[in-house]
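Working notes, structure below.
In the working numbering, the protein residues as written are 283 to 721.
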């Protein structure tokens, strides 16, 4: 058990066929023997992909911005903001610092940085078998289940600020990233400044307004004076500006799609949903340049997106939403924001594992959870208990269900559900009548 708990991926000396490498990891982790074929057939058949149709085109091809590319042109493992990882053939990432920043749009094996931004605007779903809970963080001990149970797992990728060429380039302005110009995301910036000088002018002598905020590292500001030079500063000249309003709209899009998908899956299951709303993009992703933690800035927008959508829309098949909170900061922010009851839906925080459900909850509710994933790695990501996603992947059939090499049904358009998000962030499942979730 000790070796299984601390399992790390096998790194070959030379490239391997991707399917062989993945099967090697399943065998080494013991997951290959956890799920008999009839159970595997059932959980894999349940897999679906909900995707924001605004961000994807030509989905049955390998053309840029296609759903197929978003699912397949990714590494097997990616941690530390592209600094460490493993390609699908088992070979480790090169140590060249700008390797992934320079990937072209039509690269045959990897998504370009621009594609990675849109690749996160999807949710991979499966009704997966859970045989354990816990294992991350350290104080959350692992518990094996006497009787495994099914949990609907919705894998949603968060915004990553660990390097300057992904969501930092989209939601931050500074002297180096002085202009935001991404046509696919332009609607998120309506009536917002997208030029550094313009944004500075709009703030005037203040450090924040309803659209923007200067990021602080304690008392000093976070500043950027060169492409790879982030530092603390007591002056505002080079201070980084966070376009918080655009980020909030980004969250509203994703959470609207999530709540609509959960509502539909619960309806198909015939039980009201109990959703574990795990924080997405609030861990390692929330560190600018891998150093400066902005988690405290981001999590309130995640909570407020839920709050606004639950107040303005009806989700008749969602009964409860539980926010797993393991830090005092998250607990305090939840208490201050979610301070009023939501009509028809019980919203609360609790200090328990994302896969932990009681027998009564399993019996009476459609138990489901958000898996905070990475759009540029296999679902499950690393093969040790180093993150919430990895933990979920080692405690369930998640990887068998949600990695296309293991479950080719993920590439079948019959398992794809386009979602239309309106300008007021209402979500509509497109052509759903002709497609069943087959839960």
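Cβ atoms here follow ideal geometry from the backbone N, Cα and C, with glycine treated the same way.
Remember, predicted model here, so these are calculated numbers, not experimental data.
Can you confirm whether the segment 515 to 535 touches the segment 379 to 398 when touching is taken to mean that 3 or more C-beta pairs between the two stretches lie within less than 8 Å?
no
Any idea if residue 461 is buried or exposed, counting beta-carbon neighbours within 10 angstroms, 16 or more meaning buried?
exposed
If we ignore side chains and look at the alpha-carbon of each, how far apart do residue 356 and residue 486 end up?
42 Å
Go ahead and pull the three-state DSSP assignment for residue 531.
helix
Under 7 Å Cβ to Cβ from residue 576, same chain only, skipping five residues before and after it: list those, please.
443, 497, 568 and 570
DSSP beta-bridge partners for residue 632?
606
When we look at the beta-carbon of residue 469 and count the other beta-carbons within 10 Å, is it buried (16 or more) or exposed?
So residue 469 counts as exposed.
Restricting to Cα atoms, I'd like to know which of 503, 606, 551 and 533 is closest to residue 404.
533
Pick from 387, 362 and 386: whose alpha carbon is nearest that of residue 375?
362
With a threshold of 16 other CB atoms inside 10 Å of the CB of residue 449, please say whether the residue is buried or exposed.
buried
Host alpha helix (DSSP H) of residue 645 (start-end):
For residue 645, the uninterrupted alpha helix (DSSP H) segment begins and ends at 641 to 646.
Tell me which residue opens and which closes the beta strand (DSSP E) that residue 489 is part of.
Careful: residue 489 lies outside any beta strand (DSSP E) and carries neither H nor E.
Where the beta strand (DSSP E) through residue 506 begins and ends
503 to 508
So, using beta-carbon positions, are residue 539 and residue 332 closer together than 7 Å?
yes
Rank 392, 675, 423 and 329 by C-alpha distance to the C-alpha of residue 635 and give the top, closest one.
423
Grab me the residues of residue 632's own chain with a C-beta within less than 6 Å of its C-beta, minus the 5 sequence neighbours each way, in chain order.
604
Identified DSSP bridge partners for residue 405
332 and 438
Return the CA-CA distance between residue 459 and residue 359, expressed in angstroms with no decimal places.
Each residue's alpha carbon lies about 28 Å from the other.
When you compare the segment 655 to 666 with the segment 636 to 643, are there three or more beta-carbon pairs, one atom per stretch, that lie closer than 8 Å?
no
Mark residue 390 as exposed unless 16 or more other C-beta atoms lie within 10 angstroms of its C-beta, in which case mark it buried.
exposed
Quick one: complete alpha helix (DSSP H) runs, 4+ long, within the segment 652 to 702?
670 to 676 and 680 to 684
Tell me the rounded alpha-carbon separation between residue 651 and residue 517.
43 Å
Note down the Cα distance separating residue 348 from residue 639, rounded to an integer number of angstroms.
36 Å
From residue 302 to residue 308, what distance separates their C-alpha atoms?
10 Å
Counting C-beta neighbours from all protein chains within 10 Å, is the total for residue 546 16 or more, i.e. buried, or is it exposed?
buried
Which residue comes first and which comes last in the alpha helix (DSSP H) that contains residue 310?
300 to 311
Using three-state DSSP, classify residue 495 as helix, strand or coil.
strand
Reference residue 415; option with closest CA among 706, 679 and 291
679
Can you grab the Cα-Cα spacing for the pair residue 706 / residue 595, in whole Å?
11 Å
Would you check if the segment 555 to 566 and the segment 501 to 516 touch, i.e. whether three or more CB-CB distances between them fall below 8 Å?
no
Return the residue from the list 379, 655 and 310 that minimises the CA-CA distance to residue 445.
379
Contact belief for residue 625 with residue 601 at Cβ below 8 Å, rounded distance in angstroms
Actually they do not touch by this definition, with Cβ atoms about 12 Å apart.
Mind checking residue 495: buried by the 16 CB within 10 Å criterion, or exposed?
buried
Helix or strand or just coil, what does DSSP make of residue 617?
helix
By the 10 Å Cβ neighbour count, where 16 or more other Cβ atoms means buried, how is residue 418 classified, buried or exposed?
buried
Check residue 568 in the structure and name its three-state DSSP category.
Reduced to three states, the DSSP call for residue 568 is helix.
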